[in-house]
Amino acid sequence: MDTWSKGYCRAIQDTVGLKFCPPSMSFLAKYWQDPQAEIQEATKIILLSAIERMSKSEITSLVKYWSAFLPAAALPDSCSSQYMARSAVILGILGAENAEALPERIRKLVALSLTILLNDDSRISYKVASIDLLAQGFATWQPYIRADAVLCTLFVMATDSQPGGTTLVFRRARRAIFQIATVNPVLFVATLTQDIMDVRKLGNKIGLLKLISIFSRKNPAVLYNGIPRIAEVIVKSLDPTALHVREQLLPVATSVMMDLVKAFPQLEFHVGSQKLAVGTQEGAIVVYDLQTATRWQILEGHVGAVSAVSFSRDGKTIVSCSIKEGTVRFWHPNPGFFGMLMGGGNSFWGHSRSNSATSVTGNSSSSSSSGPSLSSQQSIRAFDFALQESIATGSEESMFSHVNFEWTGDRMVKLSIYDHIMSFNL
1 MDTWSKGYCR AIQDTVGLKF CPPSMSFLAK YWQDPQAEIQ EATKIILLSA IERMSKSEIT
61 SLVKYWSAFL PAAALPDSCS SQYMARSAVI LGILGAENAE ALPERIRKLV ALSLTILLND
121 DSRISYKVAS IDLLAQGFAT WQPYIRADAV LCTLFVMATD SQPGGTTLVF RRARRAIFQI
181 ATVNPVLFVA TLTQDIMDVR KLGNKIGLLK LISIFSRKNP AVLYNGIPRI AEVIVKSLDP
241 TALHVREQLL PVATSVMMDL VKAFPQLEFH VGSQKLAVGT QEGAIVVYDL QTATRWQILE
301 GHVGAVSAVS FSRDGKTIVS CSIKEGTVRF WHPNPGFFGM LMGGGNSFWG HSRSNSATSV
361 TGNSSSSSSS GPSLSSQQSI RAFDFALQES IATGSEESMF SHVNFEWTGD RMVKLSIYDH
421 IMSFNL
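Read the sequence shown against full-length UniProt numbering and you will find it ends at 426, with the numbers running on by one and no gaps.
Here it is, written out as structure tokens:
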């Protein structure tokens, strides 16, 4: 909001004094989403300035008057649909700016009224206003609406594949999704992944997958805690039994997967073997086979969240790191004969462990002794390392962009955590 313009609006009222006539809320609501950007911006400045200058009694009178015309409260024949829409916009603006200005009963009615406008195609300007206001005041409206249904509606608008859709609705829906995802990332990921699984229209499914790519590039923190679920949904979308769908989705899904791998060190994809490794918050590493679109193996050993994973160049070895646990582990994943019959399963092959912390610049070494295993091809080594307490106890979300594995040889890998560099030999 232009501070100078708001100050100018306040100065006019102070200059005119008692003869000042407040602007018409109904008139301003009409132009809240005017196609002309200048008119729209001026409308918002004047309306918000007017609300800021209102006393508590004036706010109470405003709410009492306009709440009678809300779409969720008014009788169909009591006033025009246009007047009902304006009441939802006016009180929606007030609630988005100051939730405490609305009694709880009115908050619920406003929230429901905004969802009514969201699904009303009779006037685009009011639809766009509802999109903006639902997003701006989402924390206020969420307790009173089916938030997942609102997100699903916005997903459809933001995929740009609906008949009769407009560029304005598309842009505002996408912006609203970003705002809501920031407020409630858990809801966003849960709704998005479920929608990808449920949606039948191929164009919409592709659009939803592309949303994941956009978030992984622009706001990856929103996706962080939902990465295992997101990866699983992408893999399942490539079901080889639905060959036509797989062929259509494969280019998009591959692109999305690559964007996720670039953004999140706890994901790694090996092209040659078509295997995807996903580290989880619980400490397990799930390995998917993209050729069959199934879980290939689950590697269990870490007791802390997996911070990073990486395949060796030949794809036969996986290295993983848990900063919380302070360990690096090497894996030779292979489900064995019975695992392949069962389509992959839980397996923990036993491990050897080094009690010596690695140096920041030197190579690590340990004596290896293989424990009991479910496969003679499988062996694991584990190394401890130590970091300063501020890093080791920090949140995973704050450090994921500062963790990286790099293979410097067939049996040597370098781990970078912020400016700390450690090398490990297999």
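C-beta: ideal position from N, C-alpha, C; glycine also.
As the structure is a computational prediction, the values presented were derived from the model and not from experiment.
I'd like the list of long-range same chain contacts for E282, defined as Cβ closer than 8 Å, with 5 residues on each side in sequence excluded. A305
Starting from D384, trace the beta strand (DSSP E) in both directions and tell me its first and last residue. 381 to 384
When DSSP builds the beta bridges, which residues end up paired with Q297? V287
Cβ separation of L238 and A253, assumed to be a contact under 8 Å, to the nearest whole Å: 6 Å
Look at the Cβ atom of W32, then the Cβ atom of A129, and state whether they are nearer than 8 Å. yes
By Cβ distance, which residues of its chain are closer than 8 Å to V63, with the 5 residues on each side in sequence left out? L91, L94, A101, L102, P103, I106
Between A181 and F170, how many whole angstroms is the CB-CB distance? I'm expecting something under 8 Å. That pair is no contact at about 17 Å.
May I ask which residues mark the beginning and end of the beta strand (DSSP E) holding M197? Run containing M197: none in the beta strand (DSSP E); it sits in the alpha helix (DSSP H), 185 to 198.
Pairs of beta-carbons, one from the region 307 to 321 and one from the region 263 to 271, closer than 8 Å: are there three or more? yes
Thinking V212 and K205 are a contact (beta carbons under 8 Å), I'd like their distance in whole angstroms, please. One detail in the question is off: residue 212 reads as Ile in this sequence, not Val. About 11 Å; that fails the 8 Å criterion.
Which residue's Cα is closest to the Cα of L151: T166, Q179, Y126? Q179
Cβ-Cβ distance between K236 and A293 below 8 Å: yes
What residue range does the alpha helix (DSSP H) around K236 cover? 227 to 236
What does a CB cutoff of less than 6 Å around V403 pick up in its chain, not counting 5 residues either side in sequence? P265, S307, A308, I417
Taking the straight line between their C-alpha atoms, what separation do you get for E38 and I45? 11 Å
Have a look at the DSSP bridge pairing and note the partners of V309. S320
From V110 to Q136, what distance separates their C-alpha atoms? 13 Å
Would you list the one or two residues that DSSP bridges to H402? BP columns for H402 are empty, so no partner.
DSSP three-state label for K275, please. strand
Exposed or buried, which one is residue 513 when buried takes at least 16 other CB atoms within 10 Å? In this structure the chain extends from 1 to 426, so residue 513 is not present and cannot be described.
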